[in-house]
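Q:
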Amino acid sequence: MKTLSKLRKMKVEGEKIACLTAYEASQAYWGVEAGVDVLLVGDSLGMVVQGHENTLPVSLDDMVYHTQMVQRKNHQVWCVADLPFMADADVSQGLAAASRLMKEGLANMVKVEGGKRVLSLVRALTDLGVPVCGHLGLLPQSVQLKGYQVAGREKQAAQKLLDDAIALQESGAEMLVLECVPASLAKTVTDRLSIPVIGIGAGVDTDGQVLVWHDVLGLTLGKAPKFAKNFLQEADSVQTALAQYVADVKHQRFPGPEHWMGE
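Take any residue in the sequence shown, count from 1 to its spot, add 19: that is its number in the numbering used here.
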């Protein structure tokens, strides 16, 4: 079973961490068989499973349900589950939501979006023994306010993101996802933090990579994001495609420069 200590060791030793989203039992099973290190039950299920325009309609019940399905066929790798939109509106609400994801969904870790706003919740969760993953850069739950765009291009924005990353770690976060940030900024954040940093659209220098299951297999509903790659295109099966994704992350063949969102 992958543990936080093993993931930390991978960072120290420079072994890349392969992370994949999963939303149900078969996806979890074949992800584990392919050799992924982390499964993420993302609120992205609102778009790729439920067909919504964004992640906002996803409920806590949805997240618990899908995490339960994933964990029924995952007995080997670390499982992270998203706190959905407005589930962390205040600390007490966030604690209650995390409790359900851990006790009912059997997640190993919960993921929260944002920087300064969520620090009190991160501290409270950590004090209660709940492992927390932060999420900075493009924040899907803030899409109505900020849209889908690269984060941290300007000097001031880059410094704020770095400050938020450090603050999250100091507050107890044990992992961080960086989404759609310039590769140079992602490298700086990764080098400054002692916790594993997982990138998506953030260059090749993070400690690991995460992609949505559907993007890995060319099943994106609509246009695939620039940072994605269809691994099924050159594979003879889903299983081969997933294994190739893991291998390409491990050997730093993915993401290539064509998948970066900026230098």
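Glycine included, every Cβ here is placed at the ideal spot set by N, Cα and C.
Using 8 angstroms for Cβ pairs, my map puts V131 next to D107. What's the rounded Cβ distance?
A: Reading the sequence shown from its first residue, position 112 is the one you call residue 131. Reading the sequence shown from its first residue, position 88 is the one you call residue 107. Yes, they are in contact, since the Cβ atoms of V131 and D107 sit about 6 angstroms apart, within 8 angstroms.
Q: In chain order, what residues of the same chain have a beta carbon less than 7 angstroms from the beta carbon of L79, not counting five sequence neighbours either side?
A: Locating residue 79 in the sequence shown gives position 60, where the first residue counts as 1. Same-chain partners within the cutoff: P103, A106, A116, R119.
Q: Which of the three DSSP states is assigned to K242 in this structure?
A: As a position in the sequence shown, residue 242 is number 223, starting the count at 1. Coil, per DSSP.
Q: Checking the sheet assignment: what are the DSSP bridge partners for L58?
A: Position 39 of the sequence shown holds residue 58. In DSSP, L58 forms a bridge with L39, C98.
Q: May I have the straight-line CA-CA distance separating V169 from D255, to the nearest angstrom?
A: For the purposes of this step, residue 169 is identified with residue 150 of the sequence shown, where counting begins at 1. For the purposes of this step, residue 255 is identified with residue 236 of the sequence shown, where counting begins at 1. Each residue's alpha carbon lies about 34 angstroms from the other.
Q: Between A177, V55, L114, which lies nearest to W232 when the distance is taken from Cα to Cα?
A: Locating residue 232 in the sequence shown gives position 213, where the first residue counts as 1. The shortest C-alpha separation from W232 is found at V55.
Q: Whole angstroms is fine: what's the gap from K25's alpha carbon to L195's?
A: Reading the sequence shown from its first residue, position 6 is the one you call residue 25. Reading the sequence shown from its first residue, position 176 is the one you call residue 195. Straight-line Cα distance between these residues: approximately 16 angstroms.
Q: Between the alpha carbons of A184 and V137, how many angstroms are there, rounded?
A: Your numbering for residue 184 matches position 165 in the sequence shown. Your numbering for residue 137 matches position 118 in the sequence shown. Whole-angstrom Cα-Cα distance: 12 angstroms.
Q: Rounded C-beta distance between V17 and S190? I'm assuming under 8 angstroms.
A: Because the chain is modelled from 20 through 282, residue 17 falls outside the range shown and cannot be assessed.
Q: Measuring from the CB of V223, is there a heavy atom of the ligand SAM at a distance below 7 angstroms?
A: What this structure holds is no ligand at all, so the ligand SAM is not there to describe.
Q: Are the beta-carbon atoms of A205 and L230 separated by less than 8 angstroms?
A: As a working mapping, residue 205 is identified with position 186 in the sequence shown. As a working mapping, residue 230 is identified with position 211 in the sequence shown. No. Outside cutoff.
Q: With distances taken Cα to Cα, identify the nearest neighbour of N249 among L236, P215, F273, L240.
A: Numbered from its first residue, the sequence shown carries residue 249 at position 230. Residue L236 is the option with its Cα nearest to N249.
Q: How is E198 classed by DSSP in three states: helix, strand or coil?
A: Here residue 198 corresponds to residue number 179 of the sequence shown, with the count starting at 1. In this structure, E198 counts as strand in the three-state DSSP scheme.
Q: Beta carbon of A47, beta carbon of A53: below 8 angstroms?
A: The residue labelled residue 47 in the question sits at position 28 within the sequence shown. The residue labelled residue 53 in the question sits at position 34 within the sequence shown. Cβ distance not < 8 angstroms, so A47 and A53 don't count as in contact.
Q: Going by DSSP in three states, E193 sits in which element: helix, strand or coil?
A: Your numbering for residue 193 matches position 174 in the sequence shown. Residue state, collapsed to three classes: coil.
Q: Would a C-beta distance cut-off of 8 angstroms place E362 and I219 closer than the cut-off?
A: Beyond the ends of the chain as shown, which are 20 and 282, falls residue 362; an answer cannot be given.
Q: Assuming Q228 is part of the beta strand (DSSP E), what are its boundary residues?
A: Numbered from 1 along the sequence shown, position 209 holds the residue referred to as residue 228. Counting along the chain, the beta strand (DSSP E) containing Q228 begins and ends at 227 to 230.
Q: Buried or exposed for V31, please, with buried defined as at least 16 other CB atoms from any protein chain shown within 10 angstroms of its CB.
A: The residue labelled residue 31 in the question sits at position 12 within the sequence shown. Exposed is the call here.
Q: Round the Cβ separation of A243 and A221 to the nearest angstrom and send it over; I've been treating them as touching at under 8 angstroms.
A: Numbered from its first residue, the sequence shown carries residue 243 at position 224. Numbered from its first residue, the sequence shown carries residue 221 at position 202. The Cβ separation is near 17 angstroms, so there is no contact.
Q: For D81, which option in A100, N93, E72, V96 has the closest C-alpha, if you only look at C-alpha atoms?
A: For the purposes of this step, residue 81 is taken as residue 62 along the sequence shown, with counting starting at 1. Comparing Cα-Cα distances from D81 to each of A100, N93, E72, V96, the minimum goes to A100.
Q: With DSSP run on the structure shown, which of helix, strand or coil describes V151?
A: Residue 151 sits at position 132 when you count from the first residue of the sequence shown. In the structure shown, V151 sits in a strand (DSSP, three-state: E or B).
Q: For E72, count the other beta carbons within 10 Å of its own beta carbon; 16 or more makes it buried, fewer makes it exposed. Which is it?
A: Position 53 of the sequence shown, counted from the first residue, corresponds to residue 72. Exposed.
Q: Around the C-beta of Q90, are 16 or more other C-beta atoms found within 10 angstroms, so that it is buried, or is it exposed?
A: Indexing the sequence shown from 1 puts residue 90 at position 71. Q90 should be labelled buried.
Q: Quick one: Cα of G113 to Cα of L158, how far?
A: Taking the sequence shown and counting its residues from 1, one reaches residue 113 at position 94. Taking the sequence shown and counting its residues from 1, one reaches residue 158 at position 139. Approximately 17 angstroms, taken between the alpha carbons.
Q: Tell me the rounded alpha-carbon separation between M20 and H94.
A: Counting from one through the sequence shown, the residue named residue 20 turns up at place 1. Counting from one through the sequence shown, the residue named residue 94 turns up at place 75. Approximately 7 angstroms, taken between the alpha carbons.
Q: Excluding the five sequence neighbours on either side, which residues of its own chain have a C-beta within less than 7 angstroms of the C-beta of G171, listed in chain order?
A: As a position in the sequence shown, residue 171 is number 152, starting the count at 1. Contacts found: G156, A177, L180, V200, P201, L204.
Q: Just how far apart, CA to CA, sit A266 and L147?
A: To locate residue 266, count along the sequence shown from 1; it is residue 247. To locate residue 147, count along the sequence shown from 1; it is residue 128. For A266 and L147, the distance between alpha carbons rounds to 36 angstroms.
Q: CA-CA distance, T259 and L59?
A: Position 240 of the sequence shown, counting from 1, holds the residue named residue 259. Position 40 of the sequence shown, counting from 1, holds the residue named residue 59. Cα to Cα, T259 sits roughly 20 angstroms from L59.
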